Structure formats: C-alpha cells, structure tokens
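Residue numbers (my numbering): 87 to 297. Each remark here refers to the structure printed beneath this line.
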Amino acid sequence: MPDKLLQPSGPGRPKDPAKRRAILEAAKSLFLRNGYDGSSMDAIAAEAGVSKLTVYSHFTDKETLFSAAIKAKCEEQLPELLFELPDNVPLESQLLEIARGFLALVNSRESVEMHRMMVNLASQGSKLSQLFYEAGPKRVQEEMEVLLHKAAKRGLLSLDNPHLAADHFFSLLKGGAHFRLLIGCGEPLKGEDAEHHVQDAVQLFLRAYRP
C-alpha cells in the first residue's frame with residue numbers, strides 16, 4: 087500500500103511531544119546513515135520506537151519530516167531567542183553567543199555529513215537540497231538579518247543591507263577552516279581555538295559595521 091494512503095484523515099488525539107522528539111532524532115540518524123532514499127518511514131518509525139501511523143500523525147510525509155529534522159538541528163544550537171536582541175544585552179555579547187552556536191552547528195558531524203549529502207544530491211538534480219537550504223541555512227540567515235536590522239535601527243550598527251551583512255558575519259565564521267572540514271582536509275575547531283576564532287570574527291564584523 088502506498089505510504090500516502092496510511093496518513094491519518096483526522097486530527098486524532100493530542101500529539102505526544104516526546105514521541106515527536108524521538109521521531110526527529112531517529113530521522114536525523116537514519117538520513118545521515120542511509121541517505122534520504124535509503125531511509126523509509128517504516129525504518130524511522132522502528133528506530134523511534136513508534137508506529138508508522140504515529141510518524142504520519144506528526145509529519146505528513148517524508149519531505150516534511152526531513153525539513154523538520156533539519157530545522158530541529160539548527161534550533162538546538164541557534165534557538166530563536168538568540169536573535170531577539172534584548173535591550174539589556176550588549177550587541178557584542180549577543181553576536182558572540184550566535185557565533186559560538188553557529189560554529190558548533192556547522193562543525194558538528196551531523197552538519198558536515200548533511201552538507202556532503204546535499205552537494206551530492208544537488209548534482210543529481212534533487213529538490214532535497216532546496217528543502218535543506220530553506221529549513222536550515224535560509225532560516226538562520228533570515229533571523230540574523232532581522233537582528234542586524236534591529237541593531238541598525240537602534241544606531242548600534244551602520245549598514246544598508248542586512249542580508250549582505252549577515253552573509254559577511256557567517257562567512258567570517260566559516261572561513262577556510264569549514265571548507266577544509268567539508269573535504270576531509272581538516273579538523274573542527276575546538277576549545278580555545280574555536281573561541282579565539284569566534285572572538286576574531288565578531289571583532290572584524292564590528293569593526294566593519296560599527297558607526
């Protein structure tokens with residue numbers, strides 16, 4: 087029977103947050119281990135310890151689950167609260183926290199493997215790369231743009247193009263080290279090395295955009 091025929095037709099009982107988390111963890115694990123095509127909804131349900139119908143009750147199809155897994159991974163390291171720019175928090179402190187979270191995210195084994203998978207799929211004309219971009223990198227970029235726009239309105243930064251400034255911020259953090267990591271020619275920055283890199287990137291960004 088086609089998978090789509092097993093989707094529940096009504097709202098049913100309230101959804102269990104613990105089961106949703108288990109499904110997302112199982113999805114992230116299997117997508118990385120077996121690829122997208124090699125990870126069936128049956129296998130994800132088994133890995134999560136739930137029924138296939140439970141998976142569909144939380145996520146209507148595999149593409150939706152894939153996008154949700156990418157978004158969940160990003161939110162683990164970069165929760166939305168990081169981008170709110172409270173009045174009582176110095177801009178530099180907020181940028182440092184975002185930078186630390188972003189560096190930890192892009193240097194994680196899951197992120198590196200997912201990037202490699204997306205590059206491979208893109209060469210095959212798969213639309214999954216677009217789903218990945220919209221669920222992860224694009225969301226983070228847009229949230230950063232909003233924060234930088236707020237900072238500029240408060241006179242904390244001088245910039246006309248928040249999109250370009252956000253690009254500069256994340257590019258400084260990735261640098262050459264992330265490219266080397268992706269192609270297997272380097273190790274993730276850790277400990278003091280990671281902190282020095284974060285501090286340098288944020289200071290460079292502020293020197294470029296402070297009034």
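Positions of the beta carbon are idealized from the N, C-alpha and C atoms, including for glycine. Since this is a predicted model, take the numbers as computed values, not measurements.
Test item: CB-CB of residue i and residue j under 7 Å
{"i": "residue 130", "j": "residue 116", "result": "yes"}
{"i": "residue 259", "j": "residue 185", "result": "yes"}
{"i": "residue 156", "j": "residue 112", "result": "no"}
{"i": "residue 204", "j": "residue 218", "result": "yes"}
{"i": "residue 122", "j": "residue 214", "result": "yes"}
{"i": "residue 242", "j": "residue 295", "result": "no"}
{"i": "residue 280", "j": "residue 272", "result": "no"}
{"i": "residue 182", "j": "residue 288", "result": "yes"}
Burial state of residue i, where buried means 16 or more other Cβ atoms lie within 10 Å
{"i": "residue 209", "result": "exposed"}
{"i": "residue 240", "result": "exposed"}
{"i": "residue 216", "result": "exposed"}
{"i": "residue 175", "result": "exposed"}
{"i": "residue 104", "result": "exposed"}
Own chain, CB closer than 6 Å to residue i, minus 5 neighbours either side, in chain order
{"i": "residue 235", "result": "248"}
{"i": "residue 283", "result": "275"}
{"i": "residue 134", "result": "108, 109, 112"}
Nonlocal neighbours in the same chain, by C-beta distance under 8 Å from residue i, ignoring five residues either side
{"i": "residue 256", "result": "188, 226, 227, 230"}
Contacts around residue i, its chain only, beta-carbon distance under 7 Å, and the 5 residues preceding and following it disregarded
{"i": "residue 138", "result": "92, 127, 128, 131"}
Segment limits, alpha helix (DSSP H) that includes residue i
{"i": "residue 286", "result": "277 to 295"}
{"i": "residue 115", "result": "103 to 120"}
{"i": "residue 140", "result": "138 to 144"}
{"i": "residue 160", "result": "148 to 163"}
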